[in-house]
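Only one structure is covered here, and it is reproduced in the block below.
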Amino acid sequence: MGETMELAFPVIDLSKINGDERQATMDMIKDACENWGFFELMNHGISHELMDTVEKHTKEHYKKCMEQRFKEMVASKGLDQLAQSEIDDLDWESTFFVRHLPESNINEIPDLGDDYREVMKEFALELEKLAEKLLELLCENLGLEQGYLKNVFNGSKGPTFGTKVSNYPPCPKPDLIKGLRAHTDAGGIILLFQDDKVSGLQLLKDGNWIDVPPMKHSIVVNLGDQLEVITNGKYKSVMHRVIAQTDGTRMSIASFYNPGSDAVIYPAPALVDKEAEVYPKFVFEDYMKLYAGLKFNAKEPRFEAMKGMEANDNLGATATI
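Spelled out as structure tokens, the structure:
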């Protein structure tokens, strides 16, 4: 029994962080960060009622404003006629993006009803608090001083925080096209509110694709490339993908708590053994420019490219802000 349990996807009851089981819970988070790069939170403090309202509005908005557009895109690209050949430069997803920090653009996004805007703002505030709480727990597990990760993320203008709202409609040939191609996330810590009925999210562990189980009212957490750099590889960002499904539309609301654009990212000195600093130092915005064109490639060449920039001393003025 113990053997199979160890292989089970890590599901953590965050409410236990406040009681007798605090240390066991911290150990579970530590293990998930070191060995999975992903974990799923229950009892995370965000009200179920708020989550239900967000889900209701998101699904209604997709049906009313996005579904027809997606069908037209599919038809215009001939994707409804998929035959035998695999399509590897496109994702079977309908998506829009909302920025919350440093300043929100939610009022500029067309087609969002006032109720939807308000509930998204409220949800974003809750997720921001949760992300910052998790960064504190990671600091504790890593032996970093309190507030270290948040301070690194802050740069001069505070963190960047935004939400990608996606729907993955039913796909006629899920063997030929991915919902979302395999990638690691560029940023910091990612909080995902996913559909509890339609699955599809998978992560790569020890060479195998493992399903992230859909669970009602859970928040799935994963670590981005920046935390791999700051922890000097103690924690790793992990390849993940979304498999298209033939029935049901999968909702995914992924919120990215990332460093500010001018934040300087480098391995925490406390986590660097003598001369074992294996990651570069760079400005987050520079990494994002590089990532934009290489999202679906391996992350290692990105780190190497940043090392090259560091060698040319491109940090210059930006790093001193």
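Every position in the sequence shown, counted from 1, becomes a number in this note's numbering once 147 is added. Even glycine gets a Cβ: it sits at the ideal position worked out from N, Cα and C.
#1: So, helix, strand or coil for K381, using DSSP?
#2: Roughly how many whole angstroms lie between the Cα atoms of M267 and K320?
#3: Roughly how many angstroms lie between the CA atoms of E292 and F443, to the nearest whole one?
#4: Three or more C-beta pairs under 8 Å: does that hold for the region 172–190 against the region 364–380?
#5: Name, in chain order, the residues that DSSP records as bridge partners for G309.
#6: Quick one: any contact between the region 354–361 and the region 269–283, if contact means 3 or more CB pairs under 8 Å?
#7: Which runs of the alpha helix (DSSP H) fall wholly inside the region 182–229 and span at least 4 residues, in chain order?
#8: Go to N355, then tell me how far its beta strand (DSSP E) extends in each direction, as first and last residue.
#9: Enumerate in chain order the residues of its own chain whose CB-to-CB distance from E265 is below 8 Å, with the five nearest sequence positions on each side excluded.
#10: Report the start-end ranges of each beta strand (DSSP E) in the region 270–334 that is 3 residues or longer and not cut off at the edges.
#11: Go ahead and pull the three-state DSSP assignment for T467.
#12: Measuring straight from C-alpha to C-alpha, what distance separates V389 and S408?
#13: Compare the beta carbon distance of P306 and P406 with 9 Å and say whether it is the shorter of the two.
#14: Measure the C-alpha to C-alpha separation of Y434 and S313 and round it to an integer number of angstroms.
#15: Is it true that the CB of L338 sits closer than 9 Å to the CB of Y295?
#16: Quick one: Cα of G354 to Cα of L323, how far?
#17: Round the Cβ separation of P316 and S241 to the nearest angstrom and send it over; I've been treating them as touching at under 8 Å.
#18: In terms of residues, what are the limits of the alpha helix (DSSP H) holding D433?
#19: Where does M456 fall in DSSP's three states?
So, from the data block:
#1: Numbered from its first residue, the sequence shown carries residue 381 at position 234. The three-state reading of DSSP puts K381 in coil, since its state is none of H, G, I, E or B.
#2: Within the sequence shown, numbered from 1, the residue matching residue 267 stands at position 120. Within the sequence shown, numbered from 1, the residue matching residue 320 stands at position 173. Between M267 and K320, the C-alpha separation is close to 33 Å.
#3: Numbered from 1 along the sequence shown, position 145 holds the residue referred to as residue 292. Numbered from 1 along the sequence shown, position 296 holds the residue referred to as residue 443. Looking at the two C-alpha atoms, the distance is approximately 34 Å.
#4: yes
#5: Here residue 309 refers to the residue found at position 162 when the sequence shown is read from its first residue. Paired residues: R246, F403.
#6: no
#7: Fully enclosed alpha helix (DSSP H) runs of 4 or longer: 195–208, 214–223.
#8: Working through the sequence shown from its first residue, we reach residue 355 at position 208. Per DSSP, N355 belongs to the beta strand (DSSP E) from 355–358.
#9: Taking the first residue of the sequence shown as position 1, residue 265 is located at position 118. Apart from the 5 residues on each side of it in sequence, E265 has no Cβ closer than 8 Å to any other Cβ in its chain.
#10: Counting only runs of at least 3 residues, the region 270–334 fully encloses the following beta strand (DSSP E) elements, listed from N- to C-terminal order: 307–315, 327–330.
#11: Position 320 of the sequence shown holds residue 467. In this prediction, T467 has a pLDDT of 33, which is less than 50 and means its spatial position is unreliable; what the coordinates show is noted afterwards. Correct three-state label for T467: helix.
#12: The count along the sequence shown starts at 1 and reaches residue 389 at position 242. The count along the sequence shown starts at 1 and reaches residue 408 at position 261. Each residue's alpha carbon lies about 28 Å from the other.
#13: What you label residue 306 is simply residue 159 of the sequence shown in a count that begins at 1. What you label residue 406 is simply residue 259 of the sequence shown in a count that begins at 1. In this structure, P406 lies closer than 9 Å to P306 by Cβ.
#14: One-based indexing of the sequence shown puts residue 434 at position 287. One-based indexing of the sequence shown puts residue 313 at position 166. Taking the CA atoms as reference points, Y434 sits about 24 Å from S313.
#15: Indexing the sequence shown from 1 puts residue 295 at position 148. Indexing the sequence shown from 1 puts residue 338 at position 191. Not in contact: Y295 and L338 (Cβ atoms no closer than 9 Å).
#16: Position 207 of the sequence shown holds residue 354. Position 176 of the sequence shown holds residue 323. Straight-line Cα distance between these residues: approximately 21 Å.
#17: Stepping through the sequence shown from its first residue, residue 316 is reached at position 169. Stepping through the sequence shown from its first residue, residue 241 is reached at position 94. Right, their Cβ atoms sit about 7 Å apart.
#18: The residue labelled residue 433 in the question sits at position 286 within the sequence shown. It spans 431–441 - the alpha helix (DSSP H) in which D433 sits, taken as one unbroken run.
#19: Numbered from its first residue, the sequence shown carries residue 456 at position 309. M456 falls in the helix class under three-state DSSP.
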